[in-house]
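Numbering (the working numbering), first residue to last: -5 to 375.
Structure, as structure tokens:
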């Protein structure tokens, strides 16, 4: 999996000001070395004699400090006050948009960021933030357009290219995504997350050797990251290097024993080797940790079928489909179990559902079609 970009945009303090050498409340508030800007700026804000320009500077500084402290509600109050006092100040609208967004108000955030861009259409941070809002709403095409504008204005910011890569990835454009990760890597060549994320998209594009190289590069910077070990193990399975894959699955689980996905994926590797007992042990443990994963339920359904537990296979397939009715493997597993129980009409329907989902693994497609043809003939006869 990719490592998400979790850091929010910093809203820069763009209002020009000069700070005198003599210490005064506003200087203390605006100082980059202030230990507690919220308190220092509060002194200025609460002073009724403070001039408007100083008040705006103090409010912006405090609002940004609130964002740093994950207090978007307090930040929103300060940014809103600035927009009321100085409605033509784009910086304040950007800050308000960030606070709205962090408060979960995407509509308010979009309204504020559009206002900011109408006041200053050359601010990369504004386009980047609007891209984030659109990305969060799954409007990936619009997010891409805004990230591209941000990148054109500020091509030296790696996070913009990373966000652009993520948006293309969400649209299934994995190779295009890797191009933008490469731009980000050129700017931050020691960033392990960027190599991991590019590797993940190479994996999705079935460029397995490139994915392997990126996961290994990520591990060279961060050798104790369990996610990187798991991702490397996944691609090693695709490269049919199962002994090496097992080493990295084991390392991932040593570092994070509660990684349900690593257990599910290691279990799948055991399934490929037809080691049903080892697969069952991993899948049982995975489902104890996370009952919400349809793939784990579906895989265990297959294991139970292969070991003769037909009723259990049917139960697990139904569990998977209750979570995700588009899990094509689960439909196939359900069909197998129903056919084994003699429920031919229901089995035929389940095989058809597996095909209709259009994401059944390639090796199972001809098997499903074969069973559909055979069952149709039986039911007609």
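For each residue, glycine too, the CB sits at the ideal point set by N, CA and C.
As the structure is a prediction and not an experimental result, all values here were calculated from the model.
Short of 7 angstroms from the beta carbon of residue 279, and not among the five residues preceding or following it, lie these beta carbons of its own chain, in chain order: 257. Around the C-beta of residue 320, fewer than 16 other C-beta atoms lie within 10 Å, and the residue is accordingly described as exposed.
Fully contained in the stretch 57 to 114 are the following alpha helix (DSSP H) runs of length 4 or more, in chain order: 66 to 79, 84 to 96 and 100 to 113. Within its own chain, the residues whose Cβ lies closer than 7 angstroms to the Cβ of residue 53, once the five positions on either side in sequence are excluded, are 39, 72, 75 and 76, listed in chain order. Between residue 229 and residue 215, the CB-CB gap reaches or exceeds 8 angstroms.
Put simply, the backbone Cα of residue 285 is about 42 angstroms away from that of residue 118. Setting aside the 5 residues that flank it on each side, residue 372 is surrounded in the same chain by 338, each with a C-beta closer than 8 angstroms to its C-beta; the list follows chain order. Residue 64 and residue 174 have their C-alpha atoms spaced approximately 29 angstroms apart. Residue environment for residue 252: exposed (fewer than 16 other C-beta atoms within 10 angstroms of its C-beta). Counting other Cβ atoms within 10 Å of its Cβ, residue 330 reaches 16 or more and is therefore classed as buried.
Under the DSSP assignment, residue 323 falls in the alpha helix (DSSP H) whose first and last residues are 322 to 334. When DSSP states are grouped into helix, strand and coil, residue 201 belongs to the coil group.
Going by DSSP, residue 165 is part of no alpha helix (DSSP H) at all; its letter is neither H nor E. Here DSSP, grouped into helix, strand and coil, assigns residue 290 to helix. Judged by DSSP secondary structure, residue 266 falls within the alpha helix (DSSP H) whose first and last residues are 254 to 266. By the beta-carbon neighbour count (other beta carbons within 10 angstroms, threshold 16), residue 267 is exposed. Around residue 327, the same chain offers 292, 295, 296, 299, 307 and 311 as residues with beta carbons nearer than 7 angstroms, after the five sequence neighbours per side are excluded.
Approximately 15 angstroms separates the beta-carbon atoms of residue 159 and residue 186; this is outside 8 angstroms, ruling out the contact. Distance from residue 212 to residue 189 at the Cβ level is roughly 4 angstroms; contact confirmed, criterion being Cβ atoms closer than 8 angstroms. Closest in alpha carbon position to residue 269, among 169, 199 and 236, is 236.
Listed in chain order, the non-local C-beta contacts of residue 84 below 6 angstroms within the same chain comprise 110, 113 and 114, local neighbours out to five positions each way being set aside. At a Cβ-Cβ threshold of 8 angstroms, residue 126 and residue 157 count as neighbours.
The Cβ neighbour count for residue 69, taken over all protein chains shown within 10 Å, is at least 16; the residue is labelled buried.
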